[in-house]
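Participant:
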Amino acid sequence: MAAAVKWTDSPEQESLPLPYDLSEYGYTLKNGAKDTDDEETNMSLEDGEESRIDLNFNDIEADINLDESMQQQQQQQQVQQYEQQQQQQQITQPSGRMSAQGMSDSSMVGSMIKRSRTIEHWKNPSGKPAPKTLKEQEKEIEKLHHENFGLKIAISHLHEKLNEYSSENMDKNLQMNIMLKQKVRDLDRELKMFKERLREALNAIEALQKQKNCDLPHGMTEDQEREHQTTSAECTQLKEMIRQLEAELESMSADISQRDSEMAQLRQRVAELEEQAAKTNDLQELVENCEGQIQELQGRLHASLQRSHTEDDWEQRYLESERNNEIAQDMIRSLEKEVSRLQSERTGPTDDFQLERQQYEEELKNERLENERLSRALNQKQGNQQPLPEDWAEERDQLLQTIRNAEDYEKGFELKINEVENQFYLEMQDKITELDEVYFKLDAMEKEYQRLEAAKKDSEETNQEIVRALNAVWKLTGPLDKQKLQSGSSANLKASTILRQQHDRLQNDMVTIEQKNQELEVENERLLAMESSFYKLEEKKQKQWNEEHRALERQHAKEMDAMQEELDALSEENDVLKNELDEREDQIGLVLKEIEDKDKDLEELNTDLLKVSTELEELRQKFERDRTSWAESKDVLGTKSEEAQRLAALNSKLNDTLANLETELRDKNVAISRLKTRITELELESAQRQQIGNTNGEASKEGIIDRDTLLYAVLQHLEKILGADKRTDGYVPPKPSANFENFSTLLISRLRTLGRLYNDFERKLKQVESKTVEMLSDFVKQLDLKFGEMDRYNTAVQTAVNNQRKLREDAVKRRTENGELREELGRKRIAMDELRQRLDHALLELKDQSGKNQGIKGVEMERKLAALQRSHMNEKARWNERLRKLYEELYRVKESRNAERKGAHETLNSLTAKIDVLENVQSHMEFKNKHLKLLLDICSEGGSPRDQNGSKAQEFDGGISSGSGRLGGSMNHLPRQPSMGSSQALKTSLEVGLFKANSSLRHEIDQKFEMFEKQRQRLEVQVQFSKDELEAMQQQLGRYEHVVKEVQSKVN
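All the letters of the sequence shown, read from the start, carry residue numbers 1 to 1052 under the UniProt record's numbering.
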């Protein structure tokens, strides 16, 4: 029989459960106390790994078997002795009677037993009663039991000490480590010696590794070598797995390329189906033409009926109308036959189209199944880190791009028309603003020209005033005395010199004026030549522009005719577009389904690749951890030596505790030996009582019964401790009343087994202590490794979290994009459904109308034709309105150009008029110069004009009028009597006046010439600018016409 005892070496487990309350001894346990009746010997102390230490007591089982054989022999002997005692009692006492003395003795003994109930009564040979009762003795036995289980208390103490080294008390342990590190300083010398030895050992290991061609790092233990080998094997396995996955991916890429080729074939088939659909559209056009002919005939019938009502010979008209009606009905019947034939011909290709469509759908289903199979195969594979094939992504992008391009084309078509119109209007507005600015500049030039003319008039008035003043002065001075002007006088000489000087000056001034006049004439000729060339260029450009305008009008007329034809063809193409829209909707639906399936496959592939990538990263991290652990193993040796010293100190403390426990165990052995001696004394007393029992009678029997009950309770308690009560073979311990010797031997054997258990327990306790020390050291190592792995794991987790966050963000973006695309597709589908509903409604209406009477059908068809014609007329009106606006803009531009040309011609005419005015001014100035020359000649000769040259004087007097002015008014104050001083003063004043007049005239002529030059340059710039504007406008008109053509082509 074996008693299992559980022990824990982990500090995190609960304390040992004990069956007794140890509060009396000052000890406290976590699990509390239990009663003595419910106590068990199974002590469960569990650790983290639930390690169990089973104590198998084979020796105890052997002793129990021997005890059972001895008990059987003793029982036989007891039975024989009991039979002999009964025979002796029958001999000594008669049956059924007792003496009074025996009764009295038995009653006295019974009363004594009842009164005392003590075992000590048997101890004393004198028969005096002991002071202790049975209850007190039971209490003493219970105390002894408590003392026997004091070892459990010591174990609980050890458990508490182990709790001190748990993870919760790591700070205290670290402080102890700091205290112990101070002792390490004394052992530095020994460590140096050990390090030198280690270096030698490492050198030896390196030599051995070179011999064995080993790649292991230095200073590795056997465990580390094994780990290295296992990790290298795992790396090779992983590499093989990666190669296999690469090969599988290559095969899958080949499958994808095959699918791409199949898709291309399917697209070709779709193109063929589209061609067949075009053929069906042609058949529909024929049907529509026949329907149009029917409608025309019905219109003729209706018109003939109306005419028949209006005219007088309505009966003849009615008969003719009936004949025409019959003819029309025959035509309608023939046309209906042709329509039915065409419809039967049309159903043929439609059936073929439906069959091909079904085949296409079946092929798509097969492709989906293959895609699912491939996705499952990819889900089963792990360890692959290659990217997705680019063909799938490119196809997806291309499909999305085609869808977007179709939408953008539909939107851009409308936007372009609006943009062209807006751009045309904006550009025309800009041109209008530019023309307004040109008109404003022309107005400013005209104002400047008026100002110059006013200045010219002022200058002419000043010249006239000067001339008038000179005439007035001449009249006042009168004729000079001939005596005073004789040749020999000094005054005459002085006057002649002064006059000569003045004459020279005037001649020089006249020469300069003549030169300037010549220059002005040259410039006028040049301007005239430029004007003539400008007129010629303008005429040429006008001719070119007229020719271009005519060509544009012809081209525009042709384009209008083409547009009319295209508008007529639009009605025919609308039906074709409807059919094409239906087919494209079907194709788009299929393509969208394919896109969704491919998106699903791509998402599954993305998830699989993410899983594989995460697993590869984990494997790489593990490999890096192993490398780092190999590198850190060298550093760990120094730390482990310190931990070994710390554990040695702990071992010394544990040895001290074990010594204390041994002393306590010795005390308990002494107590057990005392119990044994007491039990032997009780056995002797029981033997004596048996001998005395023959004399004492029934009183001895009651004492023996009490003794037997007490000893039997002790035996049961020992059986519970040893676990014999749990036997399944129906074993029952013998009672002392049957055979006391067997009972006593069994009790002694149980006590011996209890001693053996104690010794085995002590031995196992030492083993457990040694194991706990080793496990603590291993636990510390594992903790260090775990902490390092946790740090690495945290970094890996952070990187993985970042990658996952990025992937989630990309997935969210893709989902949003897919959602937008799906929304757009939903809108398109809604629009297409609306169009389908309209078309279905129209078809239903046509079918319903076909079943009704022919007259009603004709009316409805006429109404529909009228509606179509109205729509076409509205479209034509809209396009005509646009064209009218364009023509109006062109006409306005032409008018603005004509106005500009007229303004330019007017400016040229004004310039020519100015040139004529300047020529007149020049002639007038020449006339003035001639008069001044005459005056100078007269002054130089010393005579009056009347004496020397009457005709000239008369001309001069006729040319000079008696005017008033600034100089004339001033000269009127001069004295009327001539004198020499007054003549000199007059000469000087004349010279000054002439000099000032000449200078003012020169200045005015220079200013006018400069203004003329500036105006000429401005006019040239404006002419060039107007030419450039005309060219730009022509180019712009060409562009607008080109844009209009493009718009018309797009509309068609």
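Where is the CB? At the ideal position from N, CA and C, for every residue including glycine.
Rounded to the nearest angstrom, what separates V714 and R185 at their Cα positions?
Facilitator: In the sequence shown, the residue the question calls residue 714 occupies position 714. In the sequence shown, the residue the question calls residue 185 occupies position 185. If you take the alpha carbons of V714 and R185, they lie about 60 Å apart.
Participant: Taking C-alpha atoms, which residue in E250, R827 and E525 lies nearest to D916?
Facilitator: For the purposes of this step, residue 916 is taken as the residue at position 916 of the sequence shown. Minimum Cα distance to D916 is reached at E525.
Participant: Within the same chain, show all residues whose beta-carbon is closer than 8 Å to that of N289, passing over the 5 residues directly before and after it, in chain order.
Facilitator: Start at 1 with the first residue of the sequence shown, and residue 289 comes out as number 289. Excluding residues within five positions, none has a Cβ falling inside 8 Å.
Participant: Tell me the DSSP secondary structure of Q93 in three-state form.
Facilitator: In the sequence shown, the residue the question calls residue 93 occupies position 93. Its pLDDT being 47, under 50, Q93 is placed unreliably by the model, and the measurement read from it follows with that caveat. Three-state result, Q93: coil.
Participant: Is the Cβ-Cβ distance between P734 and E719 less than 7 Å?
Facilitator: The sequence position of residue 734 within the sequence shown is 734, counting from 1. The sequence position of residue 719 within the sequence shown is 719, counting from 1. No. Outside cutoff.
Participant: In three-state terms, what does DSSP make of T133?
Facilitator: Your numbering for residue 133 matches position 133 in the sequence shown. Reduced to three states, the DSSP call for T133 is coil.
Participant: What I want to know is whether the C-beta of Q555 ends up closer than 6 Å to one or more non-hydrogen atoms of the ligand HEM.
Facilitator: Of ligands this structure carries none, so the ligand HEM is not represented either.
Participant: Taking DSSP as the reference, what is the three-state secondary structure of residue 1068?
Facilitator: Nothing can be reported for residue 1068, as the shown portion of the chain is limited to 1 through 1052.
Participant: Can P736 and D778 be called in contact, C-beta distance under 7 Å?
Facilitator: Here residue 736 refers to the residue found at position 736 of the sequence shown. Here residue 778 refers to the residue found at position 778 of the sequence shown. Result no, Cβ atoms of P736 and D778 do not sit closer than 7 Å.
Participant: To which residues of the same chain is E572 closer than 8 Å at the C-beta, ignoring the five residues directly before and after it?
Facilitator: Residue 572 sits at position 572 when you count from the first residue of the sequence shown. So the qualifying residues of the chain are E285 and E288.
Participant: Look at N203 and R646 and say whether their C-beta atoms are less than 7 Å apart.
Facilitator: As a first step, residue 203 must be located in the sequence shown, where it is residue number 203. As a first step, residue 646 must be located in the sequence shown, where it is residue number 646. Taking 7 Å as the Cβ cut-off, N203 and R646 do not qualify as a contacting pair.
Participant: How big is the Cα-Cα spacing for E419 and N880?
Facilitator: In the sequence shown, residue 419 corresponds to position 419, counting from 1. In the sequence shown, residue 880 corresponds to position 880, counting from 1. If I take the Cα positions, the gap works out to 19 Å.
Participant: Could you check the C-alpha separation between residue 1108 and L710 for me, to the nearest Å?
Facilitator: Outside the modelled stretch of the chain, which goes from 1 to 1052, sits residue 1108, for which no answer is possible.
Participant: Rounded to whole angstroms, what's the CA-CA distance from D599 to D810? Just pull it up for me.
Facilitator: As a first step, residue 599 must be located in the sequence shown, where it is residue number 599. As a first step, residue 810 must be located in the sequence shown, where it is residue number 810. Looking at the two C-alpha atoms, the distance is approximately 14 Å.
Participant: According to DSSP, is A867 part of a helix, a strand, or is it coil?
Facilitator: As a first step, residue 867 must be located in the sequence shown, where it is residue number 867. Helix.
Participant: Determine the contact status of residue 1074 and M263, defining contact as a CB-CB distance below 7 Å.
Facilitator: In the structure as shown, the chain begins at 1 and stops at 1052. Residue 1074 is therefore absent and cannot be evaluated.
Participant: Let me know the secondary structure DSSP gives A738 once reduced to three states.
Facilitator: Your numbering for residue 738 matches position 738 in the sequence shown. Coil.
Participant: In whole angstroms, what separates the C-alpha of Y891 from that of V576?
Facilitator: Stepping through the sequence shown from its first residue, residue 891 is reached at position 891. Stepping through the sequence shown from its first residue, residue 576 is reached at position 576. The alpha-carbon atoms of Y891 and V576 are separated by roughly 40 Å.
Participant: Do R792 and R625 have their C-beta atoms within less than 7 Å of each other?
Facilitator: What you label residue 792 is simply residue 792 of the sequence shown in a count that begins at 1. What you label residue 625 is simply residue 625 of the sequence shown in a count that begins at 1. Closer than 7 Å, so yes.
Participant: For H924, does the count of other Cβ atoms within 10 angstroms reach 16, so buried, or fall short, so exposed?
Facilitator: Your numbering for residue 924 matches position 924 in the sequence shown. H924 should be labelled exposed.
Participant: Report the three-state DSSP secondary structure of L18 (helix, strand or coil).
Facilitator: Within the sequence shown, the letter at position 18 stands for residue 18. Low confidence applies here, because L18 scores a pLDDT of 37, under 50, leaving its location unreliable; read the following figure in that light. Coil at L18, not helix or strand.
Participant: Taking only the alpha-carbon atoms, compute the straight-line gap between Q175 and L162 and give it to the nearest angstrom.
Facilitator: Residue mapping note: residue 175 aligns to position 175 of the sequence shown, counting from 1. Residue mapping note: residue 162 aligns to position 162 of the sequence shown, counting from 1. C-alpha separation (whole angstroms): 17 Å.
Participant: Could you tell me how far apart the beta carbons of T657 and L158 are, in whole angstroms, since I believe they sit closer than 8 Å?
Facilitator: Looking up residue 657 in the sequence shown gives position 657. Looking up residue 158 in the sequence shown gives position 158. Right, their Cβ atoms sit about 7 Å apart.
Participant: Could you check if V1021 is buried or exposed, using at least 16 other CB atoms within 10 Å of its CB as the buried criterion?
Facilitator: Position 1021 of the sequence shown holds residue 1021. V1021 is exposed by the Cβ-count criterion.
Participant: Using only the alpha-carbon positions, how far apart do E519 and Q542 sit?
Facilitator: By one-based count along the sequence shown, residue 519 stands at place 519. By one-based count along the sequence shown, residue 542 stands at place 542. Going by the C-alpha atoms only, they are around 34 Å apart.
Participant: Could you tell me if D38 is buried or exposed, where buried requires 16 or more neighbouring beta carbons within 10 angstroms of its beta carbon?
Facilitator: Taking the sequence shown and counting its residues from 1, the one referred to as residue 38 is at position 38. Note on D38: pLDDT 39, under 50, position unreliable in the model; the coordinate value appears next. Classification for D38: exposed.
Participant: Quick one: measure Cβ to Cβ for A796 and E603, integer angstroms, because I've assumed they're closer than 8 Å.
Facilitator: The residue labelled residue 796 in the question sits at position 796 within the sequence shown. The residue labelled residue 603 in the question sits at position 603 within the sequence shown. Not a contact, Cβ separation roughly 25 Å.
Participant: Would you call L783 buried or exposed, if buried means 16 or more other Cβ atoms sit within 10 Å of its Cβ?
Facilitator: Against the sequence shown, residue 783 aligns to sequence position 783. With fewer than 16 other Cβ atoms within 10 Å, it is exposed.
Participant: What do you get for N42, buried or exposed, if any count of 16 or more other CB atoms within 10 angstroms of its CB means buried?
Facilitator: Here residue 42 refers to the residue found at position 42 of the sequence shown. Confidence is the limiting factor: at N42 the pLDDT is only 39, short of 50, which leaves the residue's position unreliable, though a coordinate-based value still follows. Classification of N42: exposed, given that the 10 Å Cβ count is below 16.
Participant: Rounded to the nearest angstrom, what separates E875 and A562 at their Cα positions?
Facilitator: As a working mapping, residue 875 is identified with position 875 in the sequence shown. As a working mapping, residue 562 is identified with position 562 in the sequence shown. Going by the C-alpha atoms only, they are around 15 Å apart.
Participant: Rounded to a whole number of angstroms, what is the C-alpha to C-alpha distance between E521 and R505?
Facilitator: Indexing the sequence shown from 1 puts residue 521 at position 521. Indexing the sequence shown from 1 puts residue 505 at position 505. Each residue's alpha carbon lies about 24 Å from the other.
Participant: So, is V511 buried or exposed, given that buried needs 16 or more other C-beta atoms within 10 angstroms?
Facilitator: Position 511 of the sequence shown, counted from the start, is the residue given in the question as residue 511. Exposed.
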